[in-house]
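Right, one structure below, let's go through it.
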Amino acid sequence: MADENGNDHDPTPLRRPGEGVPPKPEGEKPSIAGDVAALAGGLKTTLSEFFKPVVTTMYPEEKTPRSERYRGRHYLRRYDNGLERCIGCELCAAACPVGCILVIAAENTDEKRVSPGERYAKTYEINMLRCIFCGYCEEACPVQAIVLGPEYELSDTSREKFIYTKEKLLEPLPPDVEARLNAKGTAVPTPAPLPNPPPQGGRETTP
Amino acid sequence: MAEQRGTVGGPVLTEWFGRANLHKLEVYEKLGGYEGLRKVVTGMSAAQVIDEVKASGLRGRGGADFPTATKWSFVPKDHPGPKYIVVNADESEPGSAKDRYLMENSPHALIEGAAIATFAIGGHQAWIYIRGEYDLPYEKLRDAIAEAHAKGHLGDHPFGTDYPLDIRLYRGHGAYICGEETALLESLEGKRAQPRSRPPFPAIKGAWGQPTAVNNVETLSTVPWIIRHGGAEYAKRGTEKAKGTRMVTVSGDVQKPGNYEIEIGVTYRHIIEELAGGPFPGRKVKVFWPGGSSAKVLPGSMLDTSTDLDGLKALGTMGGSGGIIVMDDSHCVVKGAARLLRFYAHESCGKCTPCRVGSNWAVRTYERILANEGSQIELALLDRVQQGLQGGRCLCGLGDAAGWVIQSTMNHFRNEYEEHCLHHTCSVEGALIHA
Amino acid sequence: MPDVKMVNVTIDGHVVTVPDGTLVVEAAKLVGIEIPVFCYHHKLDPVGACRMCLVEISPGPPVAQAGCIRPVADGMVVKTQSAMAVQARADILEFELVNHPLDCPVCDKGGECPLQDFTFRHGYPTSRIDGPRLHFQKPIPLSPNIALDRERCVLCYRCTRYYDEVAWEQELTVAERGVHSVIASQFDQPLTSNFSGNIIDLCPVGALTSRLWRFESRPWDLHHTPSVCSKCAVGCNVTLWQRRGQLVRVTSRENDDIDEGWICDRGRFDYTDVNDPARLRVPAVHGSKTTWAVALNTVADGIKGKGSKLGISLPQDLTNEEAFLFRRLLDGPLRGAKVKMHGRTALPAPSGEQLMIKDIDDARVIIIVASDTENDVPIVNLRVKKAVSKRGAKLIVIHPDAVDLDRHRETVHIRNQPGEAAAEVRKLADHELLHEPGGPVAILYGDGRGSEDAAGLVAACTELAAKVGAKLMPLYRGTNERGSLELGVAGWDSLDGVEALLSWGPPPTAGVPASVKFHAVWDHLPRPEHQNASVVLPATSFAERQGSYTNLEGRVQFLRPAVDAEAPLKESWDVLCELAAALGLPLDYVGIFPIQREAAKAFPALAALAQPPSPEPEPVPVLMGPARP
């Protein structure tokens, strides 16, 4: 028998049978009284548990508290004036280690203004089956548009429903989470919408 | 106190100034004008002219201080196409007005000098690129050129010889950068005035791609005198290395601002206190620009500095275009520097990044300082910006000059900067600063 | 080749031997040392504006010097990593970023932006800029295809210099001065040049971006395929960029033998038909969708045995492989059919030694006869401009109308009566410029878009070439006109009176003849002319096609599919083989390579097909240009 290095090995086990095994302890002699006592001891433990407080959470009626930084399903946020924060830069998709985010961007126009700047996400999809909830997208986002909320109950009845579309992601965050995000100073001031596209031959506006 | 040298050998450029109607050809010629040009075209070779000027030790008076004869000798002798002399009469340096004075009073001296220079490089055409705002000098030069043509001193047969000489005037487009020689050439060609990269130098590839020597008005106005009296006579004036006389313009807080011809080597104290009458009573000279706004400032304590060009170079500054700006102790240096920076930012042509962005950045920083929003950050920023502007990082000297303004004022008057930035006060112009 | 003096330069300790006159930045590329540049471009004259390339050079003054305007000298020592040089470059980058909007997340250049890369590699790690930035209105539409963002601009002047030096246009300029300098189109009019798109590739930041590709995707999403442009006979090399089955942009791919890194606006912007949602994808017979087998059998039934009653309209951009299969059909079951190729000139197949595009550079006199080169062969037009303005060639144009080459003040423009170009060519033999040309003479001739008698013109040009020792270049218009001529399928027949019409590609320019009873269409887009077609077959577009083109100088180049031809779309060689089978000619090729091998054997002009280059994708192209002096 040769290993990957080509050396032959002695098939003999390194330890002989019984070698190094501690000797069996000298047991007490079996007796009926001893057996009953042992049984009672066990039942005592069981019975005492009946009178202790219950620690089981009655999920789904009851839920355990989660940390503030819990990473559940994603949300896309909006500014106070209703414009979407997302600018369609795809940095979340670039940061995503499993490639579960698809962003297709488009240009804002005066008729259809979706986000404050020039660019917005026309399509924003997350494949929740593939997502590993690492939160990198949240870290990569330059405008704090995508955040991972507290929800973790994402079961559904078909695979297609796990492709979260932009409409679904734009559902409002739970108010307490939104308030916490704003309090933490992650809220950037709402930029004033730019005229877009500007008139031909635009000149410098402010020094 | 250093040795005082007046114009002991007699004036050169302003020799005939004060005569009535010097700008008329007949007056100029009666005094001996156009003798130099006659001598040159009828009896000298181009090499002899260059040798004569070399013997005089004449150096360019536009600011770069480059030996004139050497510049002419760089123009290739055997070039098949045309060669040009371009006269840089785009005098835009703040504090400098000597060229205007020379052109208004003695336009024929410039024309004669330009014609001699054209002969010296073996060309037939000279261009005078005159600052667009100079109306009177333009008219004087225009009439003078017409007179010289009519008299036959210029044209196909100057003084009866077969060596055509022509001078044309070109009015500039009103930008400081047009005074930079390569930008001037671009502007002369009808393009956007932006400096060219060197090499190739204008002496090899200048106006319209032809060999070109670009000379300052004062330099060329000196040449006829040198030809008339000989280079050796001119070389007697001045110091060992910087020979001759030069024009200076004194402006600012002095009693008698104006243009003065000095012998190189006199001290600034002589110019400012004796020629220009010194500061107003009860005031002291606090700071002065020794050679136009582009030169690094010197504090009043250095008034005894000689105008010797090499001495100035050793101090890190320069004689430049001869514009001496004097500021007395009633003025705040920070405000002065901010004003100059605004000029440089406004006049930056926009080609090289450091000058384009850096000067504007400095202006914005100065504005914050003068609005009492300064701090240690602004001090450090100015320091950074001036470093980024200097060190030959731009194609022309404009970027360096902007950096020098910041650097030299901060160097000599750091206390005022610190007052402004850290304490938001100005001990010079009162506690309240109005930007 | 004149002897070029070689000099030794030391760059960061590496000794490199380069020809005298090489610029420091180019010499550094040879040893793999990056000297960052914005304003410098290897195809434009050095200008030294951005000052990004500051290095320490000795012997020389102890200041950082611009490496992009400094030619090397023997014994020169260049230090790119000395403290002074490193600080100088970091300072410049800091200046560049003072007013930069830093909107990288929404900028189309983000991800392939030299300003980003250089900031990471050469800039200060932290920013000291906290003041307000300059703002300009943006984006400004420079043309329907190009958007200008002045805030992002670093004023490298590449675009204006390109317009000035290469394209000979005056549409783009710089307005204002100092920090307020902005790139502007003349009088704020939209750009109209056929060469405007190159400024997008030239722009080292996101100041000039394509409006067709605006916010379409980030560069890192894209898959790129090296291919060949299919819009004209020059055969410029291009890179096709694909995302999710869509062709999202076309950029140039520098080939110094042909395009020198420039492509025209047709090649760059004329691609949106590939992504058209209305694209034909399923075969249809009499308007109802069906299978390929049914459709092809219907076509075969309709065109079989028609002889000269069958008309075939060919697209200008059919590949050599398709032409070869078509030739087999024309020799076999479709013998006698009338063939008309789209967009071809009346010029015959070339004979004798040909002028190559790169030879135009060295010509001393260039004669262009009866061709509007700006629109017919745009990139050859740029070559001519380069030879004239940068290398001092003399130019003679014979054309009835004004052409854009007239912009050079020394262009000799001989205006002929339409149809009499040949007579003017004969007169040229005594032209003063041709007495002592002082070097090679190039004669480029077209057919005046049909106004000239092609045979007479060719004869006159050949005669003149023999007299003055010139080389000739026929200026074909059709993309693969030359290859089709060599394969004998580039017909020029009138389709009047045919009963059956197989219209491949766009419908015949003269319209569908009224006599047509059976009309089969093979096209990639629905068109009004398809209304009464008996059979409509979906065709691949240039982005889905593989094969080869022969460009106007006879060079065989391979195009590769950037977008998959997804079923039921079929590749055209496959369709042609099945059609042949339906017509009773068993063309049993299992792929395109056997076709190429067989075509290479049968036609010497296609010998290059025997060994197609490896289809391995090239590394991601550096839009700044290749590392080559």
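Line order of the protein sequences matches chains A, B and C.
Residues in the first sequence are numbered consecutively from 0, following our numbering.
Residues in the second sequence are numbered consecutively from 117, following our numbering.
Residues in the third sequence are numbered consecutively from 214, following our numbering.
A virtual CB, placed ideally from N, CA and C, is assigned to each residue, including glycine.
Report yes if the CB atom of residue i is closer than 7 Å to the CB atom of residue j, and no otherwise.
i              : j              : result
V748 (chain C) : A550 (chain C) : no
V702 (chain C) : S716 (chain C) : no
D478 (chain C) : G410 (chain C) : yes
E665 (chain C) : A446 (chain C) : no
E766 (chain C) : M569 (chain C) : yes
V285 (chain C) : V237 (chain C) : yes
G466 (chain B) : G391 (chain C) : yes
S172 (chain B) : A319 (chain B) : no
I305 (chain C) : R346 (chain C) : no
P403 (chain C) : P327 (chain C) : no
By how many angstroms is the C-alpha of residue j removed from the C-alpha of residue i?
i              : j              : result
G556 (chain C) : N107 (chain A) : 40 Å
A840 (chain C) : E239 (chain C) : In this prediction, A840 (chain C) scores a pLDDT of 34, lower than 50, which makes its location untrustworthy; the coordinate-derived value is nonetheless stated afterwards. Computed Cα separation, rounded: 8 Å.
R484 (chain B) : G344 (chain C) : 9 Å
G651 (chain C) : A576 (chain C) : 9 Å
L193 (chain A) : G116 (chain A) : In this predicted model, L193 (chain A) has a pLDDT of only 43, less than 50, meaning its place in the structure is not dependable; the value taken from the coordinates is given anyway. Approximately 7 Å, taken between the alpha carbons.
P197 (chain A) : Y802 (chain C) : Any answer about P197 (chain A) is weak, because its pLDDT of 37 lies below 50 and its placement is not dependable; what the coordinates show is given next. Rounded to the nearest angstrom, the two C-alpha atoms are 56 Å apart.
P206 (chain A) : L301 (chain B) : Note on P206 (chain A): pLDDT 34, under 50, position unreliable in the model; no value is reported.
A231 (chain B) : L270 (chain B) : 8 Å
E83 (chain A)  : D175 (chain A) : 19 Å
S367 (chain B) : A299 (chain B) : 27 Å
T532 (chain C) : V231 (chain C) : 41 Å
P221 (chain A) : R65 (chain A)  : Because chain A spans 0 through 206 in this model, residue 221 (chain A) falls outside it and cannot be assessed.
S446 (chain B) : L368 (chain C) : 41 Å
T421 (chain B) : H528 (chain B) : 16 Å
S47 (chain A)  : G40 (chain A)  : 11 Å
Give the DSSP bridge partners of residue i, in chain order.
i              : result
F731 (chain C) : C:A713
Y245 (chain B) : B:N204, B:Y286
R308 (chain B) : According to DSSP, R308 (chain B) bridges with nothing at all.
N221 (chain C) : C:T230
R118 (chain A) : A:E106
K551 (chain C) : C:G524
L654 (chain C) : With the sequence shown as reference, residue 654 (chain C) is identified as Val, and Leu is not the correct amino acid for it. DSSP, once it has assigned bridges, lists C:V578, C:A683 as partnering V654 (chain C).
M94 (chain B)  : With chain B represented from 117 up to 551, any question about residue 94 (chain B) goes unanswered, as that position is not in the structure.
R630 (chain B) : Outside the displayed span of chain B (117 to 551) sits residue 630 (chain B), for which this structure offers no information.
When we look at the beta-carbon of residue i and count the other beta-carbons within 10 Å, is it buried (16 or more) or exposed?
i              : result
M363 (chain B) : buried
Y163 (chain A) : buried
T433 (chain B) : buried
K351 (chain C) : buried
Y58 (chain A)  : exposed
F755 (chain C) : buried
Y384 (chain B) : buried
G407 (chain B) : buried
H313 (chain C) : buried
P439 (chain C) : buried
Spatial neighbours of residue i within its chain, please: C-beta separation below 6 Å, excluding the five flanking residues on both sides.
i              : result
N476 (chain B) : A461
V625 (chain C) : I609
L431 (chain B) : none
P190 (chain A) : For P190 (chain A), the predicted model reports a pLDDT of 48, less than 50, meaning its position is unreliable and no value from the coordinates is stated.
Who are the near neighbours of residue i in its chain, counting only those whose CB is closer than 8 Å to its CB and skipping five residues on each side?
i              : result
A793 (chain C) : L538, R541, L542, G545, P546, P799, L800
L523 (chain C) : I516, L547, G549, A550, K551, V711, E712, A713, L714, L715
Q371 (chain B) : A392, G393, G394, P395, F396
E534 (chain B) : L495
Sorted by chain position, which residues of the same chain lie with C-beta nearer than 7 Å to residue i's C-beta, five sequence neighbours on each side aside?
i              : result
A562 (chain C) : L698, E699
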